[in-house]
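Asker: Structure below; questions to follow.
2 protein chains.
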Amino acid sequence: MSGANGYSILFEPVRIGPVTARNRFYQVPHCNGLGHLRPQAEAAMRAMKAEGGWAVVSTQETEIHPTSDLSPYAENRIWDERDLPALRLMTEGVHEKGALAAIQLAHNGHHAQNHLTRAPVLAPSDMSLETPYPKQARAMDKSDIREFRKWHRDAALRARDAGFDIIYVYAGHHMTLPQHFLLPQFNDRSDEYGGSLENRARLMRELLEETKEAVGDTCAVALRFAVDEMMGGDGMQAHEEGRAVVEMLSELPDLWDVNVADWSNDSQTTRFQPQDGFQTDYIKFVKQVTSKPVVAVGRLNSPDLMVSMVRKRIVDFIGAARPSIADPFLPKKIEEGRIDEIRECIGCNICVSSDTLGIPIRCTQNPTMGEEWRRKWHPEIIAPKGREEAALVVGAGPAGLECAMQLARRGYEVTLAEASPELGGRVPREASLLGLSAWKRVSDHRVYDLQQRGNVQMFTDSRLSASDVVELGIPNVFVATGSHWRRDGRGRTAKRGVEIAAGMTVLTPDDIMDGTVPPQGPVLIYDDDQGYIGGVLAEQLAEAGHEVIFATPAAVVSPFTELTLEQSRVQRSLIERGVRIVPLHRLARVGAEHGELSCVYSDKPQRVDCASVLMVTERQRNTSLFEDLRQLPDAPLRTLELIGDAANPGLIADAVYAGHMAARNFERDPAEVAQDIYRREIISLETAPGQGRGARYNTRPEFEHVGNN
Amino acid sequence: MSGANGYSILFEPVRIGPVTARNRFYQVPHCNGLGHLRPQAEAAMRAMKAEGGWAVVSTQETEIHPTSDLSPYAENRIWDERDLPALRLMTEGVHEKGALAAIQLAHNGHHAQNHLTRAPVLAPSDMSLETPYPKQARAMDKSDIREFRKWHRDAALRARDAGFDIIYVYAGHHMTLPQHFLLPQFNDRSDEYGGSLENRARLMRELLEETKEAVGDTCAVALRFAVDEMMGGDGMQAHEEGRAVVEMLSELPDLWDVNVADWSNDSQTTRFQPQDGFQTDYIKFVKQVTSKPVVAVGRLNSPDLMVSMVRKRIVDFIGAARPSIADPFLPKKIEEGRIDEIRECIGCNICVSSDTLGIPIRCTQNPTMGEEWRRKWHPEIIAPKGREEAALVVGAGPAGLECAMQLARRGYEVTLAEASPELGGRVPREASLLGLSAWKRVSDHRVYDLQQRGNVQMFTDSRLSASDVVELGIPNVFVATGSHWRRDGRGRTAKRGVEIAAGMTVLTPDDIMDGTVPPQGPVLIYDDDQGYIGGVLAEQLAEAGHEVIFATPAAVVSPFTELTLEQSRVQRSLIERGVRIVPLHRLARVGAEHGELSCVYSDKPQRVDCASVLMVTERQRNTSLFEDLRQLPDAPLRTLELIGDAANPGLIADAVYAGHMAARNFERDPAEVAQDIYRREIISLETAPGQGRGARYNTRPEFEHVGNN
């Protein structure tokens, strides 16, 4: 089948040192907020990728030693033997589905904080921690380096014991010691590990050699290497030292996994980097320098782009993190020619935000992501319908679309009614804003899917009243009527709203998305939401030539976007567009020709003259249909469920998830459904050998007050 | 014995409903970053308090249901039966030492984010989450309230099964639903749960009644209630509705645990609230209104203050969180008349910062806190010395003092040599700064202890060279020579330092602590450290009349102090003192008469004219003695260890910890020592009944691409 559709080149096996990948699809290491805190969930999620056709499935970064303790974040761990059973769950699951398992060994140097272990923080030179915490790393001396190399070698041996086929040396994202040693910004040593490029690369070379020596007979040794810091001449550049490193070590690793640093550059969002394959210019030299296979990333969703990158000898493997999250079955779908079924990554970095928060991964496009173990959700399989025949979904936003699509997949006759002229709800509306156009893939994917199905009827311009619903005679109703932005200023800092003088034009994000143009004169945006949309609107209005003042009680613009690695770009963009930013201020009241702000610390007032105020504060749920239906006297409905933003305003990812859950749980035993939310991984109360449970102070008391006489 | 020393009133038993506390020392619920992620550590820590004489030992807040999911923070959990074994570890440990065990049941409403469970967030009214995350809580309807009451009742029953003696209804810190319902700022309902005080208090009353009905025959039911929001007329006040609530419910709970909201007001640091017992004015009315026992807090360290509070009928119990952390044996020491051995809480909130970071608790004064399980450290017991007889500690800062004290407790002949005229190192120096005077307790406690001992010799004004050390002939040497602040601007944002023109006066925090007065004219403080000291120095210099400009790459002043609940107060204080704050700027260079700043987003330069620059950037380790000793040719030393800031600059808490660890580990088997750092609690791979391990998709595949034809 793979030969027939023009993508067969993607399904050629490729040798990596002593192991062979069944095809060219390679899930590079990526964080997921599961890790050592949720090993069963992690194993199930990785196994799902293997089932979906990926030839190589990698862990996230894996702490090799207590001096690289990333707590409270949940990465993987391979400190000692006790971590192996959890890792074996993953390798066994991945092998069972025919893929190779890779592990990314990591020592995070001063990127770690060692908050749990309280161990010394290590670095090439004395320096502050990367995070703004008043603790410093110490320069490693020769014995530290020797010890570190031993830790790495021991970890490689343990990794082999745990069943991994590919073992990484990790020098990327500004996150690990071999890269810290390599880069002059972190390394000012004067010994043989500092100075010349050869010296700075010495540690990386030693790790590669020692890993190969330890496990190279049975495992491939990969090097993940950032060829460019994207700091121009202030950092390593692909055409200078980046290339020199690849030349120097070209045949040493069995595989080159290359990207750009730091993480925010490697995992750019579509908002700031709309082009898929955006890393190609940086990494394309690598294959010219080495005979070893090369894998690279850059939101590679498109099979045609993939084929072209292989044909042009840019890469041997199609690397993916985010596209494999949005669609774990991406390879299978390409292989089977089901291109139009691919759920393309929208590049929103909600996946990244989970890791940054230390919580399980989620995905806007793929609501099953992270739920493979807990809810037993399979992205491609869903239970067929039970006794019920038909369902009505009211509202075709992200929750309604997903709910309708999954109900249709289950075999129900689905009626989807949308009040507005367009399907998609908030999705196409937000996607119409500057930078967010890729988000439209969320509704496009679902609308297209629904359009193909014989058991779905979709209506636009169809606002339903409760009596309309009753007249339709469909006894199972899912209400996904969404929410709208409040105009009264009510929100986190003004729980009763804000006094607004007559005469001022007060707008909401909905107005802008409806196409309303603010009146002539300055627009004061008040962002009490502190999510992403306030910053997007500021960018858009400034781009359109408006004078924009952006006020927020937060210390920075759109603090939520720190979680998606975008915050620097957001605020830089506003500054470049001339937006005046007033952080750390609440909106106290709105006059006829001004807004009155108030310092969050001192309450000191500040007057901002403006012609309009754009309130980005809070959303109000649209629940009137639901309330009307709930109060119907004769209870003609067997199912009535409120879902998505109408139930709990949240991210688009939350709405899709809610729609998916409602469809999955329809006709399930309610008692079973109620249990799902309790499923969790908990700490073992078993104690390791020699680590007795309770207090075991094998010391005698010292009665120190005796000394007081 | 307790009768003899005037504190006997503190050791009277007190009845609480159906149970009796052996004395008046009551460890109120407090967070600790252990919780459900580190249950063995939690149990050992709580048991240690019981051993130290506390009559009641409480858990931290305990999530009663998946809709109150505080992930990634590690509080306690009692969602279902699976959580009980971990909680039983705690109750058994506490009972074994003769104390009562209390549990604080909590539903956190919109203070929770439900990031793990992805459950709906609940609140009295529709509103944003408390944290700035773009997700909203929904108003609970009647059935939600009924369900919530059932969850609470079921949790109380489970808590009784787990062995708890006292079960809390928790309405404090702005953190839980019964308080959210009570306060008009969160509740604008128009039904019987909103409006009048009686209505707003209805839920609290129902929870109390239902908890008593469920478990009141064997367990006491406590109410933790914040009597005042400390917002003046904008919030609940102790003399108005706060009192009215106590009057309304006066005899319903078996115990009143009263405090002020929010957490930053309840747990004020000595920096901003130096007075111990600072909550008395707010809570003293309570005992006049109820016949039930009352417990209150406010950093109650002083036995005389405790006695006076009981005698004056302000409280029945001496409540403590932080003082019980600094000294778990506080009650025992008072009972035995060992008042001068008490390690008084310094009110620095390092304990709080652990919880805020989601990492295990630590304490500046008590290095054993949080290490009872992992390292088997007992705060009052330490192993006696082995074969070695003598040790030299060089440097009498926090690491050196603690190391010397613990070595002396172990029975070694200890020589402590300090180069400066004063003992304490950075401790008395920092304690001399505005607001930090209570920190001096760290050195006072240790110096006093050392002074009482016959096996300790202390020398000030004694800077030792390597040959001095060799001449002393003591073969075991601990080098605790500390660190000093860099003058060259090197730090997080300038890893090679900053160009500085001749003519500018460049100061460091050490200069200010040495008494240097900046020259006439504006002082530019550049805070690249972003800890606490930059803000302290700004406050102090402004207070002394200097014109201060405070520049930092951070978005706010002293972001680290968010972890200690102080940040708002810090920045407000600087604003009130007229400090000009320039956030989000790096120091690019220093001219002869100005500093040149650069926007962290846009690199846009900003010139600040000044007469001096105070560099708060990074510290340099003082290691020359250590390096000299290390290079001695004949290796005359059997032990040479670098500890504290000289090894890894950090917090005072880190230095004390390092000194303690060095003393504990001296003469231990190195292999055993090396193992300590690996001890950790890990996730069970056992699966709960009905929660199969791997994927169990008991559904048939749906071949959805069939629909594409």
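Respectively, the protein sequence lines represent chains A and B.
Under the working numbering, residue 713 is the last one in the first sequence; the count climbs by one each step, no gaps.
Under the working numbering, residue 713 is the last one in the second sequence; the count climbs by one each step, no gaps.
In this text, a Cβ means the ideal position worked out from N, Cα and C, and glycines have one as well.
As the structure is a computational prediction, the values presented were derived from the model and not from experiment.
1. Which residues in the same chain as Ala699/B place their Cβ atom closer than 6 angstroms to its Cβ, once the five residues preceding and following it in sequence are excluded?
2. Give the interface partners of Arg204/B over in chain A, defined as CB-CB distance under 7 angstroms, in chain order.
3. Label Phe630/B either buried or exposed according to how many other C-beta atoms from any shown protein chain fall within 10 Å of its C-beta, with 16 as the threshold for buried.
4. Please report how far the alpha carbon of Pro17/A lies from the alpha carbon of Gly102/A, in whole angstroms.
5. Does DSSP classify Val264/A as helix, strand or coil?
6. Give a yes or no on whether the minimum CB-CB distance between Gly654/B and chain A is below 9 angstroms.
7. Kindly indicate which residue of Asn669/B, Ala51/B, Ala141/B has the alpha-carbon position closest to the one of Leu411/B.
8. Quickly, what does DSSP pair Gly599/B with across the bridge? List them, please.
9. I'd like to confirm the pairing. Which residues does DSSP put opposite Glu503/B in its beta bridges?
10. Assuming Trp489/B is part of the alpha helix (DSSP H), what are its boundary residues?
11. With C-beta atoms as the reference, is Ile687/B less than 9 angstroms away from Ile687/A?
12. Which residues share a DSSP beta bridge with Val298/A?
13. Where does Tyr605/B sit, in a helix, a strand or coil, going by DSSP?
14. Are any of the Cβ atoms in chain A nearer than 9 angstroms to that of Leu689/B?
15. Given that Tyr416/B touches chain A, what residues does it touch there, using C-beta distances under 8 angstroms?
16. Any idea what DSSP makes of Gln534/B, helix, strand or coil?
17. Let me know the secondary structure DSSP gives Thr95/B once reduced to three states.
18. When the cut-off is 9 angstroms and only beta carbons count, does Gly535/B lie next to chain A?
19. Return the chain-ordered list of same chain residues with a C-beta closer than 6 angstroms to the C-beta of His449/A, the five sequence neighbours on each side being excluded.
20. Val125/A and Ala51/A - do their beta-carbons sit closer together than 9 angstroms?
21. If the criterion is Cβ atoms closer than 9 angstroms, does the pair Glu96/A and Arg81/A meet it?
22. Interface residues of chain A around Ala163/B at Cβ under 9 angstroms?
23. Apart from the five residues on each side of it in sequence, which residues of its chain come closer than 7 angstroms, Cβ to Cβ, to Asp258/A?
24. With a threshold of 9 angstroms between beta-carbons, can Gln524/B be considered close to chain A, or not?
25. Who are the neighbours of Pro719/B on chain A, taking C-beta pairs under 7 angstroms?
26. Going by DSSP in three states, Gly539/B sits in which element: helix, strand or coil?
27. Would a C-beta distance cut-off of 9 angstroms place Val483/A and Leu633/A closer than the cut-off?
28. Check each residue of the stretch 263-296 of chain B: if its Cβ is closer than 8 angstroms to any Cβ of chain C, include it; give the result in chain order.
29. By the criterion of Cβ-Cβ separation under 8 angstroms, what are the contact partners of His40/B in chain A?
30. Would you list the one or two residues that DSSP bridges to Asn480/B?
31. Assign Thr621/A to one of three DSSP states: helix, strand, or coil.
32. How would you label Ile107/B, buried or exposed, when you count the other beta carbons within 10 angstroms and need 16 or more for buried?
33. Given a cut-off of 9 angstroms, decide if Leu38/B and Met49/B are closer than it, judged by their beta-carbon atoms.
34. Just to check my reading of the structure: Val290/B and Val250/B have Cβ atoms closer than 8 angstroms, yes? What is that Cβ distance to the nearest angstrom?
35. Give the residues of chain B in contact with Arg576/A, contact being defined as C-beta atoms less than 8 angstroms apart.
36. Check the C-beta distance from Glu65/A over to Tyr137/A and give it rounded, since I have them as a contact under 8 angstroms.
Answerer: In short, the structure shows the following:
1. Residue placement at Ala699/B is flagged as unreliable, the pLDDT there being 40, under the threshold of 50; the coordinate-derived value follows with that caveat. Closer than 6 angstroms at the Cβ level, and outside the excluded window around Ala699/B, lies no residue.
2. Those within 7 angstroms of Arg204/B in chain A number zero; the least Cβ separation is about 14 angstroms.
3. buried
4. 12 angstroms
5. strand
6. yes
7. Asn669/B
8. Val594/B, Val612/B
9. Arg593/B
10. That residue, Trp489/B, is in no alpha helix (DSSP H); its beta strand (DSSP E) goes 487-489.
11. Cβ distance < 9 angstroms, so Ile687/B and Ile687/A count as in contact.
12. Trp260/A
13. Secondary structure of Tyr605/B (DSSP, three-state): coil.
14. Chain A, which has a Cβ nearer than 9 angstroms to the Cβ of Leu689/B, makes this yes.
15. Those within 8 angstroms of Tyr416/B in chain A number zero; the least Cβ separation is about 12 angstroms.
16. Correct three-state label for Gln534/B: coil.
17. In this structure, Thr95/B counts as helix in the three-state DSSP scheme.
18. yes
19. Arg347
20. Not in contact: Ala51/A and Val125/A (Cβ atoms no closer than 9 angstroms).
21. no
22. The contacting residues do not exist; Ala163/B stays about 17 angstroms from chain A at best.
23. Ile20, Gly21, Ala224, Val225, Ala226, Lys296
24. no
25. The structure shown does not extend to residue 719/B, since chain B is modelled only from 5 to 713, so the question has no answer here.
26. Gly539/B: helix per DSSP, three-state reduction.
27. In this structure, Leu633/A lies closer than 9 angstroms to Val483/A by Cβ.
28. This model lacks chain C altogether; the protein chains it does include are A and B.
29. Going along chain A in sequence order, the residues near His40/B (Cβ under 8 angstroms) are Ile686, Ile687.
30. Thr643/B
31. coil
32. buried
33. yes
34. 5 angstroms
35. Tyr605, Ser606
36. With a Cβ gap of about 20 angstroms, Glu65/A and Tyr137/A do not count as contacting.
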